[in-house]
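These notes concern the structure reproduced below.
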Amino acid sequence: MGIRIFAIVLAVVSLAWVAQRFRRTRRFTIELMAWLVVFSGIGLVVFVPRATDRFAFWLGVSSGFNALTFIAVTTLLLLVFRILSRLQKVERDLTRLIRAYAIDTAAQVPARLSENPKPSAGPELSGEK
Amino acid sequence: MSQLVIVIPAYNEARVIGDTLARLPRAIAGVSIQVVVVDDGSSDGTSDVVRASGDDRIILLRHAINRGLGGALGTGLAYARKIGADFAITYDADGQHAPEDIAVVLGPLQSGQADAVIGSRLLSPKGMPGYRIVGNWGLNLFTYLLFGLWTTDSQSGLRGFNRKAIDSIRLRMDRMEVSSEFIKEIRRTRLRFLEVPIRAIYSEYSLAKGQRNRNGINIVLRLLLYRLLED
């Protein structure tokens, strides 16, 4: 019973949030539609649990609960994959930006004014071996 | 005369970079040397130490924020590409490389034997801690399984490239896993590849800064993620 109350509260609050957002933006975007479908779906499953059985049969799993778990896990994995993908792109773009700026502002180290023209104490080497 | 760019990525290396720069070879036969230090967003005054070196062969590139080893090496190679350098050598800032090994890595590039050369610490791993040897072999094997090119030291920081390699290698990884990405790029761009033995100088400092086995797990995970997202 507890999970039902929780699911109903979650669905109602979320649907109210979707409605409020629509009122504010006056735009019915794909994102809003997706949330509407997800939260309406939660409400439907709570009130009509048998509705998932047909879906479970179609998926080839034993119960509606299994079907929902399968769908939830798959969707979450896809979302994680997408977020990681985006994150990697953002990181790469950031590096490109930082790199371009670093190269544009490249600075030669000023030579030390001393009697010794070359400050490096390193040896002189022959290249090809 | 050919131009050699020595790329040194540095992140919070103020303690040792002055010494590392001072020990670089003054001259190598047949090449003019330019040293490119990429300060990768250090907060300990690494850039100040580099500036104070007074060596006008050094070009200082500063990352406004830390982008990781791969990001810094990519910047150094992009600079080498921009100025049309004939050779580029990557060199760690922590003092773990012997300066004379620069010529050892450069040799096969100058003679046209190879387009890319990896300085391998594991061809004669004298002085290398046992756990490092095991960790490195593990990463070598993993790099081979992912990218199909065998090397005895996939995580070496001392590598050399000729102009063909500088122009064709494109780095996309920002962190430590870039070492394996070099191997992938060598394979992808079908560069002629050679390994030469180099000596590693281990100090308490370089052991603490370098790749620990725990980092190895991060590298493996990032490489897997890379394969999953990129290929």
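If you read the protein sequences in the order shown, they are chains A and B.
Count along the first sequence from 1, add 1, and you get the number used in the working numbering.
Count along the second sequence from 1, add 36, and you get the number used in the working numbering.
Ideal placement from N, C-alpha and C gives every residue a C-beta, glycine not left out.
With burial defined as no fewer than 16 other Cβ atoms inside 10 Å of the residue's Cβ, what is the status of A:D105: buried or exposed? With fewer than 16 Cβ atoms within 10 Å of its Cβ, A:D105 is classed as exposed.
Alpha helix (DSSP H) segment containing B:P144, residue limits: From DSSP, the alpha helix (DSSP H) with B:P144 extends over 137-146.
Cβ of B:R208 within 8 Å of any chain A Cβ: It does: the Cβ of B:R208 has a partner Cβ on chain A nearer than 8 Å.
Could you compute how far the alpha carbon of B:R117 sits from the alpha carbon of B:R199? When rounded, the distance between both Cα atoms is 8 Å.
Check whether the segment 56-72 of chain B touches the segment 51-63 of chain A, counting contact only when three or more Cβ pairs, one atom from each stretch, lie closer than 8 Å. Contact between the segment 56-72 of chain B and the segment 51-63 of chain A is absent: fewer than three C-beta pairs spanning the two stretches fall below 8 Å.
My guess is that B:R87 and B:L96 are in contact by the Cβ rule of under 8 Å, so how many angstroms apart are they, rounded? Indeed, because the Cβ distance is near 7 Å, the residues count as touching under 8 Å.
Ranges of the beta strand (DSSP E) found wholly within the segment 119-197 of chain B, counting only runs of at least 3: You should have 123-126, 152-156.
Limits of the alpha helix (DSSP H) - the one that B:A65 falls within: Taken as a continuous stretch (DSSP letters only), B:A65 belongs to no alpha helix (DSSP H), as it is neither H nor E.
Name the DSSP bridge partner or partners of B:I95? Paired residue(s): A:Q109, B:V72.
For the alpha helix (DSSP H) containing B:L207, name the first residue and the last one. Counted as a single uninterrupted DSSP element, the stretch harbouring B:L207 is not any alpha helix (DSSP H), since DSSP gives it neither H nor E.
In or out: B:V85 buried (at least 16 other Cβ within 10 Å) or exposed? Note on B:V85: 16 or more other CB atoms within 10 angstroms of its CB, so buried under the neighbour-count rule.
If B:D128 sits next to B:R228, beta carbons under 8 Å apart, how far is it from one beta carbon to the other, in whole angstroms? A Cβ-Cβ distance of about 24 Å is found for the pair B:D128 and B:R228, leaving them out of contact under the 8 Å criterion.
Quick one: using the 10 Å Cβ neighbour count with 16 as the cut-off for buried, is B:K220 buried or exposed? The residue is buried, with at least 16 neighbouring Cβ atoms inside 10 Å.
Where B:G166 and B:W173 are concerned, what is the direct C-alpha to C-alpha distance, given to the nearest angstrom? So the alpha carbons of these two residues sit roughly 11 Å apart.
When you compare the segment 72-82 of chain B with the segment 69-87 of chain A, are there three or more beta-carbon pairs, one atom per stretch, that lie closer than 8 Å? Inter-segment contact for the segment 72-82 of chain B and the segment 69-87 of chain A is absent: fewer than three beta-carbon pairs are separated by less than 8 Å.
Expressed to the nearest angstrom, what Euclidean distance is found between the alpha-carbon atoms of B:D55 and B:E49? Cα to Cα, the separation comes out at about 10 Å.
Excluding the 5 residues preceding and the 5 following A:D54 in the sequence, name in chain order all residues of the same chain whose CB lies nearer than 8 Å to its CB. Answer for A:D54: S64, G65, listed in chain order.
Evaluate contact between the segment 222-239 of chain B and the segment 187-206 of chain B, counting only Cβ atoms and requiring at least three cross-stretch pairs below 8 Å. As far as the Cβ criterion goes, the segment 222-239 of chain B touches the segment 187-206 of chain B, which means the pair count is three or higher.
Using DSSP with H/G/I as helix, E/B as strand and the rest coil, what is A:L33? A:L33: helix per DSSP, three-state reduction.
Excluding five sequence neighbours on each side, which residues of the same chain lie with their C-beta closer than 8 Å to the C-beta of B:E266? Only R208 meet the Cβ criterion.
Does the count of Cβ pairs from the segment 99-113 of chain A and the segment 74-91 of chain A closer than 8 Å reach three? Touching, no.
Locate the beta strand (DSSP E) running through B:A46, then write down its first and last residues. Under the DSSP assignment, B:A46 falls in the beta strand (DSSP E) whose first and last residues are 38-46.
Neighbour list for B:I101 in chain A, Cβ cutoff strictly below 7 Å: The contacting residues are I99.
Tell me the residue span of the beta strand (DSSP E) that contains B:E231. Boundaries of the beta strand (DSSP E) around B:E231: 229-233.
Find out if the Cβ-Cβ distance for the pair A:L33, A:F48 is shorter than 8 Å. At a Cβ-Cβ threshold of 8 Å, A:L33 and A:F48 do not count as neighbours.
Host alpha helix (DSSP H) of B:G54 (start-end): Per DSSP, B:G54 belongs to the alpha helix (DSSP H) from 50-58.
Give, in chain order, every residue of the segment 101-123 of chain B whose Cβ lies closer than 7 Å to some Cβ of chain A. So the list reads I101, R103, G107, G110, T111, A114, Y115, K118, given in the order they occur along the chain.
Residues bridged to B:A236 by DSSP? Answer by DSSP bridge pairing, in chain order: B:H133.
Pull up the distance between the alpha-carbon of B:A9 and that of A:T30, whole angstroms please. In the structure displayed, chain B extends from 37 to 267; residue 9 of chain B sits before or after that span and is not available.
Can you round the beta-carbon distance between B:V170 and B:V153 to whole angstroms, since I take them to be within the 8 Å contact cut? The Cβ separation is near 25 Å, so there is no contact.
Of all the CB atoms in chain B, is at least one closer than 8 Å to the CB of A:A8? Taking Cβ atoms only, chain B never reaches closer than 8 Å to A:A8, which makes this a no.
Expressed to the nearest angstrom, what Euclidean distance is found between the alpha-carbon atoms of B:F183 and A:I43? Roughly 45 Å separates the two Cα atoms.
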